[in-house]
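Engineer: So the sequence lines, in the order shown, correspond to chains S and A. Quick note on numbering: numbering that gives the first Met the number 0 labels position 76 of the first sequence as 75, and the sequence is numbered without any gaps. Quick note on numbering: numbering that gives the first Met the number 0 labels position 28 of the second sequence as 27, and the sequence is numbered without any gaps. Dropping a structure here in structure tokens format, bear with me for questions.
2 protein chains.
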Amino acid sequence: MKKATATIRDVAREAGVSVASASRALNGHANVTPATRDRVIAAADKLSYVPHLGARSLTMARTNTIGVVLPDLFGEFFSEIIRGIDRAAHARGLQLLLANMHGDASETVQAIRAMRGRVDGLLVMSPTVDAAFLDRHLPGGLPTVVLNGHISGVGHASLSIDNEGGARAMVAHLAGTGRRRIAMITGPEGNSDADERLAGFRAAVADLLGDAAPPVFAGDFSEAAGETAATAILAADPLIDAVFAANDVMAIGCLRALADAGIDVPGRIAVAGFDDVPVSRFVRPTLTTMRVHIADLGTRAFDTLAGLIAAPDGDPPAEVTLTPELVVRQSTTR
Amino acid sequence: MKKATATIRDVAREAGVSVASASRALNGHANVTPATRDRVIAAADKLSYVPHLGARSLTMARTNTIGVVLPDLFGEFFSEIIRGIDRAAHARGLQLLLANMHGDASETVQAIRAMRGRVDGLLVMSPTVDAAFLDRHLPGGLPTVVLNGHISGVGHASLSIDNEGGARAMVAHLAGTGRRRIAMITGPEGNSDADERLAGFRAAVADLLGDAAPPVFAGDFSEAAGETAATAILAADPLIDAVFAANDVMAIGCLRALADAGIDVPGRIAVAGFDDVPVSRFVRPTLTTMRVHIADLGTRAFDTLAGLIAAPDGDPPAEVTLTPELVVRQSTTR
DNA sequence: CTGTTAGCGCTTTCAT
DNA sequence: ATGAAAGCGCTAACAG
């Protein structure tokens with residue numbers, strides 16, 4: 000009972016009509032006799048015909064698929080954003096072609112090229128991507144939305160988070176609860192989110208605490224980096240009474256290291272993160288953070304892309320900036 | 000500077016050769032003069048040529064893509080398994096076409112059909128899929144691996160978890176720490192993982208505690224279900240001194256409800272889960288569970304599929320069963 | 001309403 | 001080594 004994958008030709012022959020009629024019948028076009036339509040449907044059914052979407056895409060120049068390029072650094076961030084994208088894609092009946100980046104810029108180029116002819120648009124989140132990069136490597140004006148980047152123009156758009164404002168809000172909260180010496184754990188070198196959060200932190204600390212050179216410790220968004228930084232912080236300056244990590248994952252690592260060292264959080268040191276990944280509610284103490292609504296970010300990015308695909312030559316959509324929201328939990332409240 | 004997506008023809012013309020030669024040069028075939036090769040490469044470069052992979056797939060009858068069909072019920076489980084699959088796919092240079100199921104069996108059929116002609120093989124995890132279902136709906140013998148199902152035959156394979164053994168191991172642990180009346184919170188009706196865990200639980204409780212009718216509470220793998228069940232458990236029988244939830248997420252909901260009710264865990268009641276999702280280490284008390292190595296499950300499933308694709312008519316691979324491993328944490332140890 | 005023809009972009013015999 | 005031509009499976013004019 001090994002059936003060799005019927006094509007539309009087989010269906011046409013079986014139904015005794017031309018492939019054109021078969022195609023029309025199968026796709027519910029108006030100009031077909033009910034009789035022939037039925038014969039075609041019956042034939043398709045009998046042969047277990049399933050249309051070859053690859054071929055269809057080639058003729059229609061439309062794939063009903065969008066490509067998603069993400070860095071893999073992002074534990075829960077990753078799954079949340081995919082969930083958001085998928086939610087929107089599903090609503091429009093589109094499929095998702097996924098490319099996780101485990102590497103550098105050249106890999107990003109590879110991934111983007113590998114999507115040519117397989118997608119109608121691209122959703123890219125990569126620290127190494129900017130406008131020039133896209134123009135150079137994007138297969139002929141494929142509509143693209145960049146997440147957490149800043150770029151826009153015909154066929155391009157971007158969505159970003161107000162990282163600087165978020166960082167300022169967090170510093171204000173910390174200062175408001177009486178913290179006087181706040182340290183920051185930074186994200187990876189060159190990551191724009193990380194850089195902006197640091198800038199916002201510096202500005203706010205200067206404004207609110209008059210601290211022109213607050214202590215800054217290097218991190219890379221990983222839990223291990225958070226632990227390492229916590230140790231360094233303890234050794235560096237006993238006056239530090241708050242730590243602001245550039246993302247939640249590092250804050251959690253920090254929390255762990257402080258607990259191991261027997262330090263009271265938030266009594267002696269307050270700890271805060273950024274993103275509000277789902278685990279933040281589960282760690283003890285629960286983590287104060289800036290909520291980003293990650294899934295929504297994905298959904299909105301997708302919708303922006305859908306707009307771009309629908310009107311490739313329209314005016315570039317305004318660059319959207321999402322404002323994160325302070326979520327106060329146990330790690331900063333005495 | 001709007002370049003209209005060069006095709007291989009444009010490249011050929013630019014280089015002054017035939018498309019055949021262009022193709023050969025571009026793909027690094029042996030039979031091309033270094034001179035022509037260089038001219039072609041230069042032309043491609045000049046035109047920013049990026050091959051149209053959709054078209055290539057059509058001729059080569061190979062897409063270098065595998066389709067992944069998952070239910071969306073699985074929070075962290077989802078992201079872990081994707082991570083595992085992606086790791087393996089990346090190693091072999093394959094892409095992933097993703098379909099998240101938000102619905103029922105008919106949607107699964109849709110998703111599977113929508114992959115015809117776009118993928119070389121399928122990785123399916125769906126409670127509604129069995130051998131008959133696949134044979135009926137699978138586009139002509141597409142190699143398929145079913146996760147957490149039991150099915151095998153030419154072109155099909157499956158991977159599963161020893162749920163029954165895992166449940167028995169957990170009961171043994173609970174009984175070993177002195178628990179005498181263990182309640183179970185089940186997973187969704189008809190879910191094979193859930194059913195097997197329940198069966199293992201029943202058998203082990205009968206064997207080890209002589210309890211022929213242990214209390215069982217209905218759940219659906221959600222955090223809310225865990226909370227509801229916890230309340231029901233407290234009301235039902237004050238002698239219950241342990242709860243075994245069919246997955247971690249429910250166990251976590253249970254933990255939360257018990258904490259709200261002021262119940263001492265593990266003092267008065269022990270709580271255990273199944274899966275070892277990443278958050279299990281972060282909740283307080285930390286959660287005792289059966290570790291499934293979710294990402295590995297994805298990786299191995301992918302590798303099995305790759306084998307199937309390489310040798311579609313070979314002997315069906317043995318059905319692989321993964322043995323979960325007991326991880327004892329605070330929620331069950333006095 | 002239906003069939004014939006062309007063609008999407010690419011690879012691959014088959015000649016030359 | 002190179003080019004002409006066929007064809008992957010499908011849809012879309014264009015005639016009839």
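Don't be surprised by glycine CBs; every beta carbon is placed ideally from N, CA and C.
The alpha helix (DSSP H) with H172(S) in it runs from where to where?
Structural biologist: Taken as a continuous stretch (DSSP letters only), the alpha helix (DSSP H) holding H172(S) covers N162 to G175.
Engineer: In three-state terms, what does DSSP make of M0(S)?
Structural biologist: Because M0(S) sits at a pLDDT of 39, beneath the cut-off of 50, its placement in the model cannot be relied upon, and the point is left open.
Engineer: For T332(A), count neighbouring Cβ atoms within 10 angstroms of its own Cβ and tell me buried if that reaches 16, exposed if not.
Structural biologist: That one is exposed.
Engineer: Are the C-beta of Q94(S) and some C-beta of chain A separated by less than 8 Å?
Structural biologist: It does: the Cβ of Q94(S) has a partner Cβ on chain A nearer than 8 Å.
Engineer: Which whole-angstrom value describes the C-beta separation of V336(S) and A104(S), a residue pair presumed to lie in contact below a C-beta threshold of 8 Å?
Structural biologist: Given that chain S is displayed from residue 0 to residue 333, the structure contains no residue 336(S) and the question cannot be resolved.
Engineer: Counting Cβ pairs, one atom from each stretch, are 3 or more of them under 8 Å apart for the region 271 to 281 of chain A and the region 115 to 122 of chain A?
Structural biologist: Result no; under three Cβ-Cβ pairs closer than 8 Å.
Engineer: Around the C-beta of M124(S), are 16 or more other C-beta atoms found within 10 angstroms, so that it is buried, or is it exposed?
Structural biologist: Flag for M124(S) reads buried.
Engineer: Can you tell me whether V278(S) is helix, strand or coil according to DSSP?
Structural biologist: Looking at V278(S) - three-state DSSP - the assignment turns out to be helix.
Engineer: Counting only Cβ pairs nearer than 9 Å, list the residues of chain A close to R115(S).
Structural biologist: Those within 9 Å of R115(S) in chain A are T4, V49, P50, H51, L52 and G53.
Engineer: When you compare the region 164 to 172 of chain A with the region 187 to 197 of chain A, are there three or more beta-carbon pairs, one atom per stretch, that lie closer than 8 Å?
Structural biologist: A contact exists between the region 164 to 172 of chain A and the region 187 to 197 of chain A.
Engineer: Under three-state DSSP, which class holds Q329(A)?
Structural biologist: Helix, per DSSP.
Engineer: Between K1(A) and chain S, is there a C-beta pair that is closer than 8 Å?
Structural biologist: Confidence is the limiting factor: at K1(A) the pLDDT is only 42, short of 50, which leaves the residue's position unreliable, though a coordinate-based value still follows. At least one chain S Cβ lies under 8 Å of K1(A).
Engineer: DSSP state of S157(S), grouped into three classes?
Structural biologist: S157(S): strand per DSSP, three-state reduction.
Engineer: What in chain A is Cβ-close to D85(S), meaning under 8 Å?
Structural biologist: Going along chain A in sequence order, the residues near D85(S) (Cβ under 8 Å) are D71, L97 and N99.
Engineer: Contact between the region 299 to 313 of chain S and the region 256 to 269 of chain S: three or more CB pairs below 8 Å?
Structural biologist: The region 299 to 313 of chain S is not in contact with the region 256 to 269 of chain S.
Engineer: Give me, in chain order, the residues of the same chain whose beta-carbon lies closer than 6 Å to that of A228(A); leave out the 5 immediate sequence neighbours on both sides.
Structural biologist: These residues qualify, in order along the chain: I184, F216 and G218.
Engineer: Can you list, in chain order, the stretches of the alpha helix (DSSP H) that have 4 or more residues and sit fully within the region 42 to 128 of chain A?
Structural biologist: Listed in chain order, they are 52 to 59, 74 to 90 and 104 to 112.
Engineer: For S17(A), I'd like the list of residues in its chain whose CB is within less than 8 Å of its CB, leaving aside the five on either flank, ordered along the chain.
Structural biologist: So the qualifying residues of the chain are A11.
Engineer: For V39(A), count neighbouring Cβ atoms within 10 angstroms of its own Cβ and tell me buried if that reaches 16, exposed if not.
Structural biologist: Classification of V39(A): buried, given that the 10 Å Cβ count is 16 or more.
Engineer: Determine, using beta carbons only, whether T298(S) comes closer than 8 Å to chain A.
Structural biologist: False, the Cβ-Cβ gap to chain A never drops below 8 Å.
Engineer: Determine the extent of the alpha helix (DSSP H) in which F200(A) is found, giving its start and end residues.
Structural biologist: First-last of the alpha helix (DSSP H) with F200(A): S191 to L208.
Engineer: Using a beta-carbon distance below 8 Å, is L57(S) in contact with chain A?
Structural biologist: So yes, L57(S) belongs to the interface.
Engineer: If you draw a straight line from the C-alpha of V278(A) to the C-alpha of A42(A), how long is it?
Structural biologist: Going from the Cα of V278(A) to the Cα of A42(A) covers about 53 Å.
Engineer: Does chain S have any CB closer than 8 Å to the CB of V278(A)?
Structural biologist: At least one chain S Cβ lies under 8 Å of V278(A).
Engineer: T331(S) versus chain A: which residues are under 9 Å apart at the beta carbon?
Structural biologist: By Cβ distance, chain A contributes nothing, its closest Cβ being about 18 Å from T331(S), past 9 Å.
Engineer: Looking at the secondary structure, which residues open and close the alpha helix (DSSP H) in which A229(S) lies?
Structural biologist: Residues E222 to A235.
Engineer: How would you call P33(A), buried or exposed, if buried means at least 16 neighbouring beta carbons within 10 angstroms?
Structural biologist: With fewer than 16 other Cβ atoms within 10 Å, it is exposed.
Engineer: In terms of DSSP beta bridges, what is A241(S) paired with?
Structural biologist: Bridge partners of A241(S): I181(S) and A269(S).
Engineer: Consider the Cβ of S78(A): report whether some Cβ of chain S lies at a distance smaller than 8 Å.
Structural biologist: S78(A) counts as touching chain S.
Engineer: Only counting the same chain, and skipping five residues up and downstream in sequence, which positions put a Cβ closer than 7 Å to that of D85(A)?
Structural biologist: Same-chain partners within the cutoff: L95.
Engineer: Roughly how many angstroms lie between the CA atoms of I251(A) and D259(A), to the nearest whole one?
Structural biologist: The alpha-carbon atoms of I251(A) and D259(A) are separated by roughly 12 Å.
Engineer: Along chain A, in chain order, which residues have C-beta atoms closer than 9 Å to that of T62(S)?
Structural biologist: G53 and R117, listed in chain order.
Engineer: Cutting at 6 Å between CB atoms, please list the residues of its own chain near G199(A), excluding the five before and the five after it.
Structural biologist: Excluding residues within five positions, the ones whose Cβ falls inside 6 Å are E163, A166 and R167.
Engineer: Quick one: does R112(S) have its CB under 8 Å from some CB of chain A?
Structural biologist: It does: the Cβ of R112(S) has a partner Cβ on chain A nearer than 8 Å.
Engineer: Does the beta carbon of A24(A) fall short of 7 Å from some heavy atom of the ligand NAP?
Structural biologist: No copy of the ligand NAP appears in this structure; indeed no ligand is present at all.
Engineer: State yes or no: is the C-beta of E222(A) within less than 8 Å of the C-beta of V248(A)?
Structural biologist: Yes, they are a contact pair.
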